[in-house]
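Residue numbers (the numbering used here), protein chains in the order written: chain Y, 19 to 805; chain C, 89 to 244. Think of the CB as a built atom: it goes at the ideal place given N, C-alpha and C, for glycine as much as any other residue. Taking it in order: structure first as structure tokens, then the write-up.
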Amino acid sequence: MTSSPVLPKLVGQRVKRREDPRLIQGRGTYVDDVKIAGLQHLAFKRSDIAHGRILAIDTSAAEALDGVEAVFTGAQIAELLGPMPIGTPFPSPEHRAVAADIVRYVGEPVAVVVARDRYVARDAADAIAVDYEPLPAVVDPEEAMSGRPALLHADFPNNHAVGPLPAGTGVGGDGTVDDTAIDQAFADAEVVVSQRMVNHRLAPTSIEPRGVVAHYEPGKDTLTIWSSTQNPHILRTFIASLTGLGQDQVRAIAPEVGGGFGSKINIYGEEYVAAAVSKRLGLPVKWVEDRSEAFLTTIHGRDILAYVDLAARRDGTVLGLKLRLVADIGAYNMLLTAAIPTLTMTMASATYAIPAIRATLTEVFTNKTPTDAYRGAGRPEAIYFVERGMDMLARELGMDPAELRRRNFIRPDQFPYTTQTGAVYDSGDYDKVLDRALEKAGWEQLKAERDAAQAEGRLVGLGLSMYVEICGVGPSSGLPTGGWEHAQVTVERDGRISATTGASPHGQGNETTFAQMLADQFGVPFDHVTIRHGDTAVVKQGIGTFGSRSQAVGGAALHLAGGKVKAKMAKFAAALLEAHEADLVFENGRIAVAGAPAAAKSFAEVAAYAHRPIKLPAGLEPGLSDEAFFEPSNNTYPFGCHIALLEIDRDTGEPRLLRMVAVDDAGHLINPLIVEGQIHGGLAQGIGQALVEEVVYGADGQPLTGSFMDYAIPRASDFPRFELDNTVTPTPVNPLGAKGVGEAGTIGSTPCVVSAAVDALRGLGVKHIDMMLRPERLWRIIQGGQA
Amino acid sequence: MAQVSITVNGKRRSADVEPRLLLVHFLREHLNLTGAHVGCDTSQCGACTVLLDGRSAKSCTIFAVQADGAEVTTIEGLADGDRLHPLQEGFWEEHGLQCGYCTPGMIMSAVNLLNDNPAPTEQDIRDGLDGNLCRCTGYQHIVNAVQHAAGRTREG
């Protein structure tokens, strides 16, 4: 018997990513790297006006160009494709992949060219002439609610896409509304803080733009579609449905995906068109978005304004919250568009036991790019409105903002806690995370430093934000796609392990974290485990990666599938060792009888036996492969506390972040190195919203932020070194106790940076400033203008 | 069409190209070197960064004909056989990447940075990488990666 090395436990360790060797050598295959013989390239002719009727479209010059295979107008595409479906139960106007009669935002496709290379395709798209009758455009959502100057969709009076939709205290499941409790809360209040706030429009901006390759093979009647997508299985379902193919005839592949942040959940018009055109022509086609197109046509995020009223007693006890929300969703409903702002209502209680809440949501069509899920998706907006409100209340009461929050926390013994807007928080310990953050930041000393700096005339401010959010997006009741995830685990003949996951990653490092888990579960070397994903021909079932669900749902499915295979393998080992399976331990590449280490078989021996079982133990089938679907009973609700120190240059108005402390609680962590990376990236996007990012439209609906020259995403020099810590409050809703972390950083950071800026200007009587905090806006305030 | 002859990762490559062909498309489409990525059309993001005669350059901003006679190094040519470049090691060790799309360009810019300044401060690194955008990492692990490589380069 040979001795085997002692294998370290990997779950909880900072394991280097196994994805990296290919990516740091330029050997990853992203969708634009896919090549097929005979590949044709698509280019879209897009509307250059915000609203208008197509009177005529002349494609003759485009068709005459050498290398052009075909040109399709919206009317011709309509013969190949029905209207684009959505994934929410809300009523939705007809939305065509290529507009045939009316265009409703700048960038909406009106024709598509198929040509031999991308240069010719672009030339041809430019050669298409479109004659429009311009219609008035509406860009201000509150103006749009009057139905003037433009009505986008005839069946949606006053441009109301959804609502007004009430939620919270006194709102019955049947839509009945009783105002008694919320009115009483405000009647009892000793202080009320009221503020209109805007959580403005952002561009998700993954560095890899969207892209698709579609390859219909006429002899086989099958379609293979490569797409830069977060959810190949959902893509397959929708593409099959709209192209008239069965799901068994469509194979969807997500190759390396260069970031998504929610924007690559959607099934976009270009993907449907690529599939339909490939099928029609019998040719493989590719389309890759350029950055200007991305700003026009990839979904935008946020863009919700709120009228916030917070009622409290003078001792800081919050009695009630009113949140009147107006969401500017742009010109159409995309996959989840209408559902996203409802999450803002769901999370209106934030980390507080607020006894009366009334949220009211109206979603409005405007002549802009449609919105949908962007990192955090509805939760950052809720936390922003409530946390800015709490900060204003603290100021009004002269209380320390940390103490005001602490006074209103949901206590650990109140979990599971049902909020007034219906969320059921799984677990939490908000005092603990607040204490850790205050200690990490040196809160009392920071306040003294801020006071000293302000006494010198420097504009230094301190901001604090609590957050709680929804992760591990979960039960099927809340997700039209189904809320489960799938995994298959196979112990191969040679004792190595292959596993598949439906959680198709785009930078999350699942190949590493999932291999850590299986290596521990089976007691085998990390290098003996391979994780496959992102190909519906390899991964039998799946939902995808969004809502911070990879670990909490996908990881849980993997754990369950692994458990099934391990249990079966134990039966084979028990037969070989003439032992009872309950007495076996899997460790260090062996399966041994507990307490009798000499009685052991190597993992590979047992695997080989299971694949050639002479003789077959009674009641067992050969082989070691099994699958699991995991459907969580609830979402998870991770939380945290973020603290920012910021200084504004008195002469230029330029804000500079001096410190950023983030203490997060995502439950149990599989790989703290990867978790840190997720939080860093989230912080960067949340801070980016506060300081540098804003999608801007002119009054005519023309986008003014159409490239990286106009829309800033943060650069390395914009940040100090982030200071992280964490607490661990496991969730009871999955077997791992992991909550999810992908969106956390984005949610807490934004309000605390804005609160820090407001704090820096408190000497000027400033109570609130709308984002983004552009230097010009701050400079005008410093010069005595208004916020 | 115009004839170009460019030495890429040590090998001389000649081709007839359209005068308007971008260097990045020459590398990606003609040579199948797909490590340099395209992330914008305005030279902001830096995903296409390569070394042109030893200096970092955004290959989406240069026509292939402008690189005629030049030497180009792409991410594929950075490792010494199986031995990773110190910056590649640094990015791996310090988790300097997530989706990996900006990474080839980020690494090539960092090569230029360390060539100019073998012992940069953290601020030097942050300022030096301002021409490369990353949306995933928040840059902190990228800074660590460059520091890691700088340490190794100095030791080496």
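When the Cα of residue i is compared with those of the options, which residue comes out closest?
| i | options | result |
| --- | --- | --- |
| residue 132 of chain C | C:119, C:141, C:146 | C:146 |
| residue 214 of chain Y | Y:342, Y:617, Y:642 | Y:342 |
| residue 503 of chain Y | Y:491, Y:509, Y:514 | Y:491 |
| residue 547 of chain Y | Y:555, Y:373, Y:509 | Y:509 |
| residue 705 of chain Y | Y:568, Y:433, Y:131, Y:766 | Y:766 |
| residue 89 of chain Y | Y:362, Y:65, Y:142 | Y:142 |
| residue 116 of chain Y | Y:287, Y:477, Y:152 | Y:287 |
| residue 222 of chain C | Y:792, Y:700, Y:798 | Y:700 |
| residue 702 of chain Y | Y:310, Y:733, Y:335 | Y:733 |
| residue 269 of chain Y | Y:279, Y:182, Y:230 | Y:230 |
| residue 738 of chain Y | Y:678, Y:726, Y:280 | Y:678 |
| residue 202 of chain Y | Y:329, Y:301, Y:105, Y:464 | Y:329 |
| residue 408 of chain Y | Y:648, Y:77, Y:335 | Y:335 |
| residue 267 of chain Y | Y:652, Y:251, Y:280 | Y:251 |
| residue 301 of chain Y | Y:441, Y:162, Y:466, Y:57 | Y:57 |
Looking at the strands, I want to know which residues DSSP matches up with residue i.
| i | result |
| --- | --- |
| residue 67 of chain Y | Partner(s): none; residue 67 of chain Y has no beta bridge. |
| residue 91 of chain C | C:104 |
| residue 108 of chain Y | Paired residues: none, contrary to the question. |
| residue 305 of chain Y | Y:230 |
| residue 148 of chain Y | Y:75 |
| residue 86 of chain Y | Y:133 |
| residue 608 of chain Y | Y:605, Y:620 |
| residue 797 of chain Y | The partner list for residue 797 of chain Y (beta bridge, DSSP) is empty, contrary to what the question assumes. |
| residue 17 of chain Y | Residue 17 of chain Y cannot be examined here, being either before or after the span of chain Y that is shown, 19 to 805. |
| residue 744 of chain Y | Y:682 |
| residue 631 of chain Y | Answer is none; residue 631 of chain Y lacks a bridge partner. |
| residue 660 of chain Y | Y:483, Y:680 |
Below 7 Å on C-beta distance, what does residue i contact in chain C?
| i | result |
| --- | --- |
| residue 51 of chain Y | 122 |
| residue 275 of chain Y | 187 |
| residue 308 of chain Y | 129 |
| residue 740 of chain Y | 226, 228 |
| residue 35 of chain Y | 183 |
My output table needs one value for residue i: the three-state DSSP class, helix, strand or coil.
| i | result |
| --- | --- |
| residue 184 of chain Y | strand |
| residue 502 of chain Y | coil |
| residue 21 of chain Y | Only weak support exists for where residue 21 of chain Y lies, its pLDDT of 49 falling under 50; the coordinates are left without a value. |
| residue 174 of chain Y | coil |
| residue 542 of chain Y | coil |
| residue 551 of chain Y | strand |
| residue 488 of chain Y | coil |
| residue 244 of chain C | Any reading at residue 244 of chain C must be qualified, since the residue scores a pLDDT of 49, below 50, and its modelled position is unreliable; no value is offered. |
| residue 392 of chain Y | coil |
| residue 192 of chain Y | coil |
| residue 222 of chain C | coil |
| residue 651 of chain Y | coil |
| residue 524 of chain Y | coil |
| residue 689 of chain Y | coil |
| residue 729 of chain Y | coil |
| residue 790 of chain Y | coil |
| residue 369 of chain Y | coil |
| residue 642 of chain Y | coil |
| residue 427 of chain Y | strand |
| residue 145 of chain C | strand |
Under 7 Å between beta-carbons, which chain Y residues line up against residue i? List them in chain order, please.
| i | result |
| --- | --- |
| residue 159 of chain C | Correct list: empty, because the minimum Cβ distance to chain Y is about 17 Å. |
Starting from the beta carbon of residue i, find every residue of chain C whose beta carbon is closer than 9 Å, and list them in chain order.
| i | result |
| --- | --- |
| residue 39 of chain Y | 172, 176, 180 |
Which residues of chain C have a Cβ atom closer than 8 Å to the Cβ of residue i, listed in chain order?
| i | result |
| --- | --- |
| residue 701 of chain Y | 226 |
Could you list which residues in chain Y have their beta carbon closer than 9 Å to that of residue i, in chain order?
| i | result |
| --- | --- |
| residue 135 of chain C | 225, 226, 276 |
| residue 214 of chain C | 733, 734, 735, 736, 737 |
Kindly list, in the order they appear in chain Y, the residues whose Cβ is closer than 8 Å to that of residue i.
| i | result |
| --- | --- |
| residue 221 of chain C | 225, 726, 731, 733 |
Taking residue i as the query, report the chain D residues whose CB atoms sit under 8 Å from its CB, ordered along the chain.
| i | result |
| --- | --- |
| residue 229 of chain C | Looking for chain D here will not work: the only protein chains present are Y and C. |
- Residues in the stretch 181-202 of chain C with C-beta within 8 Å of chain Y's C-beta atoms, listed in sequence order? 181, 183, 185, 186, 187, 188, 189, 190, 191, 192, 195
- Given a limit of 9 Å on CB to CB distance, which residues of the stretch 212-227 of chain Y reach chain C? 222, 223, 224, 225, 226, 227
- Short-range partners of chain Y found in the stretch 94-108 of chain C, where Cβ spacing is below 9 Å: 106, 108
- Query: Between the stretch 705-737 of chain Y and chain C, which residues of the former have CB atoms less than 7 Å from a CB of the latter, in chain order?
  - Reply: 725, 726, 727, 731, 733, 734, 735, 737
- Interfacial residues, the stretch 280-312 of chain Y to chain C, with Cβ spacing under 7 Å: 308, 309, 310
- Query: Using Cβ-Cβ distances below 9 Å, what residues of the stretch 469-495 of chain Y are close to chain C?
  - Reply: none
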